[in-house]
Amino acid sequence: MFTLQTKGYTLVEVLVAISILLLAIVGPMTIAAKGLQSAYYARQQATALFLAQEAIEVVVASRNDALIEAIKAGTALDTAWRDWVVSPVFALCRNASGCNFDVRYTNTGTVVSQGIGGLHVKNCNNLSQCVMKYDTNQIRARYNLMSGSNTEYTRVVKFINETDRDGNSQNDGVFIEVTVSWSARVFNNTTQSVVLTSAVYSIYE
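So this is what it looks like as structure tokens:
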């Protein structure tokens, strides 16, 4: 007479096997999700850096054009430099709240010409005025202040005059501080920011 014996898995063994299987599936998915989040944040940060650098380049271009125009007109460069430093072009940027500007618009708002054609300047005492927009209809300068849909980016530009030894801040450099902030979705919509600083001088004297 033969005795037939059967063996099965215990409940504990089944649960352990399921746990291992879940880890094998969920682990790579979690890593992939984190990778996507990091890539999305990196894209936001890169855009913020671009917007900050753009603002600095606009200021440098304005300084260059002002001094080049002075050379063409035969104006003394030290006079042209001092005029540029105190000109109304970036007056709002010298306020404590800073400013933001759009280089494409020259017929509305606070508009002043300074070599590069004109700037639409806004006061950032109300940050909602300095939120960047994105216009898909534009080939260039899709990020701007006047047209398109609001983005998550806010840009604030501040000027700080460097005071020289005789106390005349018009003769030395102008420090530029640009802060671009945004709401990072991957960090529960906490505010992130990048800050770029630079300085411009009367390099043609």
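When you number the sequence shown by this note's numbering, it's gap-free, plus one each residue, and the end is 206. Using N, Cα and C, we set each Cβ at its ideal position, and we do this for glycine too. Here the structure is a predicted model, which is why all the values come from computation and not from measurement.
In terms of residues, what are the limits of the alpha helix (DSSP H) holding residue i?
i: residue 90; result: It is not in any alpha helix (DSSP H) - residue 90 carries neither H nor E in the DSSP assignment.
Just confirm the distance between the C-beta atoms of residue i and residue j, as a whole number of angstroms; I'd bet it's less than 8 Å.
i: residue 53; j: residue 197; result: 4 Å
i: residue 93; j: residue 122; result: 5 Å
i: residue 101; j: residue 186; result: Contact flag wrong, Cβ pair sits at about 23 Å.
i: residue 175; j: residue 201; result: 5 Å
i: residue 57; j: residue 177; result: 6 Å
i: residue 59; j: residue 104; result: 6 Å
The beta strand (DSSP E) with residue i in it runs from where to where?
i: residue 200; result: 191 to 201
i: residue 103; result: 100 to 103
i: residue 207; result: The first residue shown for the chain is 2 and the last is 206, placing residue 207 beyond what the model contains.
i: residue 162; result: 150 to 162
i: residue 182; result: 175 to 185
i: residue 120; result: 120 to 124
Does residue i pass the burial test, meaning 16 or more other C-beta atoms within 10 Å, or should it be called exposed?
i: residue 126; result: exposed
i: residue 81; result: buried
i: residue 203; result: buried
i: residue 87; result: exposed
i: residue 118; result: The predicted model places residue 118 with a pLDDT of 46, which falls under 50 and marks its position as unreliable; any figure quoted below should be read in that light. Exposed, since its Cβ has fewer than 16 Cβ neighbours within 10 Å.
i: residue 129; result: exposed
i: residue 13; result: exposed
i: residue 11; result: exposed
Kindly list the residues whose CB is nearer than 6 Å to the CB of residue i, restricted to its own chain and excluding five residues on each side of it in sequence; keep chain order.
i: residue 152; result: 133 and 135
i: residue 17; result: none
i: residue 108; result: Bear in mind that the predicted position of residue 108 carries a pLDDT of just 42, short of 50, making it unreliable; the figure below should be weighed with that in mind. For residue 108, where only same-chain residues beyond five positions count, there are no Cβ hits under 6 Å.
Within a Cβ cutoff of 7 Å, which residues of the same chain sit near residue i, ignoring the five residues on either side of it in sequence?
i: residue 50; result: 195
i: residue 46; result: 195
i: residue 85; result: 64 and 67
i: residue 99; result: 125, 157, 158 and 159
i: residue 41; result: 187
i: residue 95; result: 160
i: residue 131; result: 101, 123, 125, 155, 156 and 157
i: residue 76; result: none
Counting only the same chain and skipping the five closest in sequence on each side, list residues whose C-beta sits under 8 Å from that of residue i.
i: residue 137; result: 143 and 149
i: residue 21; result: none
i: residue 192; result: 182, 183, 184 and 185
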